[in-house]
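Report on the following structure.
Number of protein chains: 2
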Amino acid sequence: MQKVGVVGVGITKFGKRNDANMNLLAWEAINAALQDAGIEQKDVDFFTVGNAGVWSEELLPAVTVGDYAGLTPKGTMRVEAACATGSAAIRVAYQSIASGSAKIALAVGVEKMYGVPVPTVVELIGRAGNFFWEFENFGLTFPGYYALYASAYMAKYEVKEEDLALVSVKNHYYGSLNPYAQFQKRVSVDEVMKSKYVAYPLKLLDSSPITDGAAAVVLASEELARKLTDTPVWIKAQGVASGSSNLSKRSDFLGLEASVEASRQAYKAAGIEEPTKQIDVATVHDCFTIAEILAYEDLGFAKRGEGIRLIREEQTYKGGLIPVNLDGGLKAKGHPIGATGVGMAVEAVKQLRRELPSTRQADIKNGVALTHNVGGTGHFAYVTIYSL
Amino acid sequence: MQKVGVVGVGITKFGKRNDANMNLLAWEAINAALQDAGIEQKDVDFFTVGNAGVWSEELLPAVTVGDYAGLTPKGTMRVEAACATGSAAIRVAYQSIASGSAKIALAVGVEKMYGVPVPTVVELIGRAGNFFWEFENFGLTFPGYYALYASAYMAKYEVKEEDLALVSVKNHYYGSLNPYAQFQKRVSVDEVMKSKYVAYPLKLLDSSPITDGAAAVVLASEELARKLTDTPVWIKAQGVASGSSNLSKRSDFLGLEASVEASRQAYKAAGIEEPTKQIDVATVHDCFTIAEILAYEDLGFAKRGEGIRLIREEQTYKGGLIPVNLDGGLKAKGHPIGATGVGMAVEAVKQLRRELPSTRQADIKNGVALTHNVGGTGHFAYVTIYSL
Chain A
1 MQKVGVVGVG ITKFGKRNDA NMNLLAWEAI NAALQDAGIE QKDVDFFTVG NAGVWSEELL
61 PAVTVGDYAG LTPKGTMRVE AACATGSAAI RVAYQSIASG SAKIALAVGV EKMYGVPVPT
121 VVELIGRAGN FFWEFENFGL TFPGYYALYA SAYMAKYEVK EEDLALVSVK NHYYGSLNPY
181 AQFQKRVSVD EVMKSKYVAY PLKLLDSSPI TDGAAAVVLA SEELARKLTD TPVWIKAQGV
241 ASGSSNLSKR SDFLGLEASV EASRQAYKAA GIEEPTKQID VATVHDCFTI AEILAYEDLG
301 FAKRGEGIRL IREEQTYKGG LIPVNLDGGL KAKGHPIGAT GVGMAVEAVK QLRRELPSTR
361 QADIKNGVAL THNVGGTGHF AYVTIYSL
Chain B
1 MQKVGVVGVG ITKFGKRNDA NMNLLAWEAI NAALQDAGIE QKDVDFFTVG NAGVWSEELL
61 PAVTVGDYAG LTPKGTMRVE AACATGSAAI RVAYQSIASG SAKIALAVGV EKMYGVPVPT
121 VVELIGRAGN FFWEFENFGL TFPGYYALYA SAYMAKYEVK EEDLALVSVK NHYYGSLNPY
181 AQFQKRVSVD EVMKSKYVAY PLKLLDSSPI TDGAAAVVLA SEELARKLTD TPVWIKAQGV
241 ASGSSNLSKR SDFLGLEASV EASRQAYKAA GIEEPTKQID VATVHDCFTI AEILAYEDLG
301 FAKRGEGIRL IREEQTYKGG LIPVNLDGGL KAKGHPIGAT GVGMAVEAVK QLRRELPSTR
361 QADIKNGVAL THNVGGTGHF AYVTIYSL
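Residue numbers (full-length UniProt numbering), protein chains in the order written: chain A, 1 to 388; chain B, 1 to 388.
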């Protein structure tokens, strides 16, 4: 496989972006990524657009985004893997170069979720599972899925709601340090505990928000990457797996099997045997606080049942055993579905390039960062390893 | 780039398939393709699901299809490129092998369009352009887009509606010979002329139908392809391009620029300089009769303005200069959006393997077939060259 480097990254302010439609949001990120890479649209051979977009008025986001961004007539497609859509968009751009068919490819993830009638966006997200067996018959909403996992985990490992709240406290703390984050304010355990229940035991402040936003990366072949930048960040490996659409088929609710499988593949390909010793910084898919705890265990940062200790002991803060979500995570940075995975890549690259303010810059020793992006409730999982 | 072979193909009966939901339709094609390849689900490293599906109740077709077909926990994603979705699904599976990340990959295209409230599916297809400028402001429907092209072409080259009808006559003739086709009856020029106008000058019998259906291909690395089959069909090249989302930006309505660009790339990579001499058989995107004529010219089968002569002279029938759509095309075989491009690949492979009844089996001299799959009105174009 040919080596593929990230040579440019761009991200928009996440949040309620009434100032921009989908095309403009995407362009904001694409423009930043092109400038960061020092290239123009004509230099791009192929681009992918990650957009879940069932609530969008535009049926063909890949062409409207491409047209607005001046990328026409370049080849393109839209990709979707629920909340892991952004990572899927990166995969297609990455493999277009690794296969030798493109020299420079761009992946943009974008989602415009505000301005959609709220029952619609919430109902549609509730369908991120098996519509017929779960949504239609039992009326499960999306927080309800993760609530099942939270309840099972709490019962098995004697964990309290206050423990889960610690994830929200950490991620809001880092969100307060990230000007691109949707929420730039800290929260306390007490505030999390006092927020309204969405689906017991998960409360509003355990949950990631509805968000508008976009992020983009420019990828290049090894030869071009070395010409374009002195600090290429390589895509070292990517693992990808799926989980059953019907939750009744899952063996337990104590972890996401797809995350375990995707990380196993990625670690094997990247030669990672001791994740907490070899990885400098990670972004994981904290769509709910429980999801971050499950991720610690699924990714091998802690043994099964011991993930909660990492957050209790503040081992996933900067300076800890393995810093996680120093950008605020989905919880505080925000979760614009199609953009989230690309936003994680932007964070990984900036961390490895040591470009962030010292308050949230991880100590880069091995030059290795991980991103973990989940679609649905482990229906999709993409784990990507970036390295200097 | 590593060589990639098609080692298994499967297709369902196209048409009104009230007997099957989306997952079952997809499985019907996947099962046939796995059997044709002589492999099982566990042998598949990665799969892609081509599904436009904005009218589907399932938000995550890639996981519901994968689950139903026994492909979980294999990595997956959904891809979309409007009516070229199937070719985009093939591209991602193809590059996953060409890049070395998979040895065997499967691409399935599926669409369930019946059973959706008809104003919804028709309205949604009408959005296959630029929603804000065209659909919302001017009320263009999808046939309306191609009607603009038909009117411009007829005016410029002195072409009559009866000439366009000849495409429908040819494709219905071949549909009558294909048991998988939606329409298995012939039509006459007179019948086409008497059918109702959809958007002048295009009538019902100039138009492809609403269709349920699925198709699948199994792809393998060169080494495995040679082990799995004595008749591998290689993906020789693929070109891909996009067109402006807003039709007012097109230079003229006499051809699809994206098709020209995609074929230019594919021909260059495959070493094709004289298409009609080097290609034995083609399937082109005849969503409307005018679209097949434009394709003849965009793909270099005829000079600009001379495509209409090919059909007048029956040069695109079996035995002619270059046989086109011997499976009935979108017009008669049917057009289940996400499945169409994969169905074209199935046809190309069966033609190259000389597996079809003599009535519609092309003469295979060079061992080269072409598929041309368009999304929207040239918003996407994928041209793929298959060879023995």
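The beta-carbon is built from N, C-alpha and C at its ideal position, and this holds for glycine as well.
Proximity winner among the options, relative to residue i (alpha-carbon distances)
i	options	result
GLY378(B)	LYS350(B), ASP252(B), PRO323(B)	ASP252(B)
GLY300(A)	PHE132(A), ILE279(A), GLY115(A), LEU140(A)	ILE279(A)
ALA84(A)	LYS303(A), GLY375(A), SER387(A), LEU148(A)	GLY375(A)
GLY66(B)	LYS103(B), ALA81(B), ASN23(B), GLU28(B)	ASN23(B)
TYR157(A)	ASP327(A), LYS331(A), LEU294(A), PRO336(A)	LEU294(A)
LYS160(B)	ILE125(B), PHE14(B), TYR200(B), GLY175(B)	TYR200(B)
ARG360(B)	MET113(B), TYR174(B), LYS331(B), LEU352(B)	TYR174(B)
TYR153(A)	LEU202(A), GLY109(A), GLU347(A), GLU314(A)	LEU202(A)
ARG17(B)	GLY329(B), PRO336(B), LEU205(B)	PRO336(B)
ILE308(B)	ASP230(B), ALA339(B), GLU162(B), THR371(B)	GLU162(B)
GLY109(A)	THR211(A), LYS365(A), LEU321(A)	THR211(A)
residue 400(A)	GLY86(A), ILE97(A), GLU40(A), SER244(A)	What the structure shows of chain A is the stretch from 1 to 388, and residue 400(A) is not part of that stretch, so it cannot be assessed.
ARG304(A)	ALA181(A), LEU256(A), LYS277(A), GLU314(A)	LEU256(A)
VAL116(A)	TYR145(A), ASN130(A), SER56(A), ALA147(A)	SER56(A)
LYS194(B)	LYS185(B), ASP206(B), GLY15(B)	ASP206(B)
ASP286(B)	GLU191(B), LEU326(B), VAL54(B)	LEU326(B)
ASN373(B)	PHE131(B), ALA98(B), SER259(B), VAL281(B)	SER259(B)
VAL276(B)	ILE364(B), SER208(B), VAL54(B)	The residue you asked about is not Val; residue 276(B) is Thr in the sequence shown. Nearest option by C-alpha distance: ILE364(B).
GLU261(B)	ARG250(B), ALA88(B), THR48(B), GLY243(B)	GLY243(B)
LYS322(A)	LEU148(A), PHE131(A), GLU274(A)	With the sequence shown as reference, residue 322(A) is identified as Ile, and Lys is not the correct amino acid for it. Out of LEU148(A), PHE131(A), GLU274(A), GLU274(A) has the C-alpha closest to the C-alpha of ILE322(A).
LEU356(B)	TYR149(B), LEU177(B), ASP298(B), TYR296(B)	LEU177(B)
ALA388(B)	GLU292(B), GLU222(B), GLY139(B)	The residue asked about is misnamed: residue 388(B) is Leu in this sequence, not Ala. The shortest C-alpha separation from LEU388(B) is found at GLU222(B).
TYR371(A)	LYS103(A), ALA33(A), VAL324(A)	Inspection of the sequence shows that residue 371(A) is occupied by Thr rather than by Tyr. Selected option, being the one with the closest Cα: VAL324(A).
residue 390(B)	GLY15(B), THR141(B), ALA107(B)	Because chain B spans 1 through 388 in this model, residue 390(B) falls outside it and cannot be assessed.
GLN35(B)	LEU310(B), VAL218(B), SER245(B), SER168(B)	VAL218(B)
Where residue i sits in the DSSP three-state scheme
i	result
THR384(B)	strand
ASN23(A)	helix
LEU59(A)	coil
VAL72(A)	The sequence as given places Thr at residue 72(A); Val does not occur at that position. THR72(A) falls in the coil class under three-state DSSP.
ARG78(B)	strand
VAL368(B)	strand
THR276(B)	helix
ILE104(A)	strand
GLN238(B)	strand
ALA98(A)	helix
THR48(A)	strand
ALA362(A)	coil
VAL6(A)	strand
PHE288(A)	strand
ALA93(B)	helix
GLU111(A)	strand
ASN31(A)	helix
Check whether residue i and residue j have beta carbons under 8 Å apart
i	j	result
THR76(A)	ALA62(A)	yes
VAL349(B)	VAL9(B)	yes
ALA345(A)	ILE90(A)	yes
LEU166(A)	VAL189(A)	yes
VAL342(A)	ALA241(A)	no
VAL233(B)	GLY50(B)	no
TYR386(B)	ALA362(B)	no
THR12(B)	GLY213(B)	yes
PRO143(B)	PHE380(B)	no
ALA266(A)	ALA237(A)	yes
ALA105(A)	LEU228(A)	no
GLN2(A)	GLY100(A)	yes
LEU124(A)	LEU59(B)	yes
ASN171(A)	ALA332(A)	yes
The ligand NAP heavy atom lying under 7 Å from the CB of residue i
i	result
VAL4(A)	Within the structure as shown, the ligand NAP is missing, as the structure has no ligands at all.
Contact set between the segment 121-145 of chain A and chain B, restricted to residues whose Cβ is under 9 Å from the partner
So the close ones are LEU124, ILE125, GLY126, ARG127, ALA128, GLY129, ASN130, PHE131, PHE132, PHE135, GLU136.
Under 9 Å, CB to CB, which of the residues in the segment 62-83 of chain B have a partner in chain A?
Answer in chain order: ALA62, VAL63, THR64, VAL65, GLY66, ASP67, TYR68, LEU71, THR72, PRO73, LYS74, GLY75, THR76, MET77, ARG78, VAL79, GLU80, ALA81, ALA82.
Along the segment 194-217 of chain A, where does the CB come closer than 8 Å to a CB of chain B? Name the residues.
Listed in sequence order: no entries.
Taking any Cβ of chain B, which residues in the segment 98-109 of chain A have a Cβ under 9 Å from it, in chain order?
Answer in chain order: ALA98, SER99, GLY100, SER101.
What are the complete beta strand (DSSP E) segments, minimum 3 residues, inside the segment 188-224 of chain A?
Counting only runs of 3 or more, we get 197-199, 213-221.
Along the segment 364-384 of chain A, where does the CB come closer than 9 Å to a CB of chain B? Name the residues.
Residues are counted here when their Cβ sits less than 9 Å from a Cβ of chain B; for the segment 364-384 of chain A these are GLY375, GLY376, HIS379, PHE380, ALA381, TYR382, given in chain order.
Select from the segment 151-165 of chain B all residues with a C-beta closer than 8 Å to any C-beta belonging to chain A, and list them in chain order.
Cβ contacts with chain A: none found.
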